[in-house]
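Inspection log for the structure reproduced underneath, given as structure tokens.
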Amino acid sequence: MRKRWRGWLWKLPVMFVAATVLQVLLLRFIDPPFTAFMAAREVEAWSSGEFGFRIAYDWCDLDEISRNVPLAMIASEDQNFATHNGFDFKAIEKARAHNERAEERARKRNKPVKRIRGASTISQQTAKNLFLWKGQGVTRWARKGLEVWYTVLIEALWPKARIIEVYANTVELGDGVYGAQAAARTYFGKDANTLTPAEAASMAAVLPNPRRYSLARPGPYVQRRSSAIQRQMRYMGGPEFLRRID
Numbered sequence: 001m002r003k004r005w006r007g008w009l010w011k012l013p014v015m016f017v018a019a020t021v022l023q024v025l026l027l028r029f030i031d032p033p034f035t036a037f038m039a040a041r042e043v044e045a046w047s048s049g050e051f052g053f054r055i056a057y058d059w060c061d062l063d064e065i066s067r068n069v070p071l072a073m074i075a076s077e078d079q080n081f082a083t084h085n086g087f088d089f090k091a092i093e094k095a096r097a098h099n100e101r102a103e104e105r106a107r108k109r110n111k112p113v114k115r116i117r118g119a120s121t122i123s124q125q126t127a128k129n130l131f132l133w134k135g136q137g138v139t140r141w142a143r144k145g146l147e148v149w150y151t152v153l154i155e156a157l158w159p160k161a162r163i164i165e166v167y168a169n170t171v172e173l174g175d176g177v178y179g180a181q182a183a184a185r186t187y188f189g190k191d192a193n194t195l196t197p198a199e200a201a202s203m204a205a206v207l208p209n210p211r212r213y214s215l216a217r218p219g220p221y222v223q224r225r226s227s228a229i230q231r232q233m234r235y236m237g238g239p240e241f242l243r244r245i246d
């Protein structure tokens with residue numbers, strides 16, 4: 001019995017690596033019918049008695065989405081997306097320094113920190129949205145470890161265009177609203193291929209907190225951020241920037 005357990009112990013890591021590689025490789029070619037975050041939101045709704053809750057999710061290939069959308073998301077979330085290998089270490093260091101200063105100021109005022117800056121790349125967010133969970137405490141750190149592994153696989157096995165395509169289709173843009181097409185129909189009454197730069201920037205402006213910041217009723221913060229994203233989109237060269245990831 002002990003020998004049998006020892007045999008399984010060394011096989012388990014190999015099986016995990018093989019299963020996750022196959023999982024990521026298949027999704028390079030197969031559009032995901034749902035994500036881990038969508039499944040978790042459905043379970044959350046059912047457990048709270050919201051039996052009429054429905055996920056809004058409608059896949060569109062990248063060439064069927066306005067190029068303003070991926071550009072706005074890159075300008076908002078990950079401006080080094082075209083050049084990094086899944087992790088932006090300069091952004092991580094800047095976020096760490098910013099958060100330390102924010103925590104110090106909060107301690108002096110005896111108030112909680114209002115906003116913590118993150119440094120997750122679009123590749124990391126795609127890995128989390130597709131395969132993982134939010135988590136708290138120990139489970140959050142376990143998720144972070146898996147997020148690193150899945151990010152490495154995604155960057156190794158997918159082209160950049162596929163990464164931004166999956167991200168644009170699966171990112172949450174409102175409670176139960178996932179992806180650019182569902183958000184375009186829900187909030188703008190149109191298809192994602194007709195979204196203007198201003199509409200795409202508004203969509204990106206609610207990230208990464210689409211339940212805290214509303215796309216349906218954008219407040220001052222979302223409006224200011226949308227304007228800043230539009231300026232960054234122009235600075236990056238507009239949709240021509242996307243040639244770098246095609």
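Position 100 of the sequence shown, counted from 1, bears residue number 100 in the UniProt record's numbering, the numbering being contiguous throughout. Each residue gets a CB set at the ideal place from its N, CA and C atoms; glycine is no exception.
Pull the bridge partners of residue i from the DSSP assignment, please.
| i | result |
| --- | --- |
| Y178 | Y57, E172 |
What are the start and end residues of the alpha helix (DSSP H) that includes residue i?
| i | result |
| --- | --- |
| T83 | Element bounds for T83: n/a, residue is neither H nor E. |
| T151 | 138 to 157 |
| V43 | 36 to 47 |
| F131 | 122 to 131 |
| A119 | Careful: A119 lies outside any alpha helix (DSSP H) and carries neither H nor E. |
| I229 | 220 to 235 |
| A201 | 197 to 205 |
If you run the structure through DSSP and keep just helix, strand and coil, what is residue i?
| i | result |
| --- | --- |
| I92 | helix |
| I30 | coil |
| E50 | coil |
| Y213 | coil |
| P13 | helix |
| R109 | helix |
| R101 | helix |
| K190 | coil |
| I163 | helix |
| P208 | coil |
| M74 | Position check: residue 74 holds Ile in this sequence, whereas Met was assumed. Three-state result, I74: helix. |
Are the CB atoms of residue i and residue j nearer to each other than 7 Å?
| i | j | result |
| --- | --- | --- |
| L195 | V24 | no |
| I122 | F81 | yes |
| P245 | A161 | Correcting the residue identity first, residue 245 is Ile in this sequence and not Pro. Yes. Within cutoff. |
| A91 | A119 | yes |
Indicate whether the contact test is met: 3 or more Cβ pairs, each with one atom in the stretch 172 to 182 and one in the stretch 76 to 88, closer than 8 Å.
-> no
Sufficient close CB pairs (3 or more, under 8 Å) joining the stretch 123 to 136 to the stretch 210 to 221 = no
Counting pairs of Cβ atoms below 8 Å between the stretch 48 to 62 and the stretch 218 to 232, do you hit three or more?
-> no
Touch check for the stretch 174 to 189 and the stretch 140 to 154: three-plus C-beta pairs under 8 Å?
-> Counting Cβ pairs under 8 Å, fewer than three are found: no touch.
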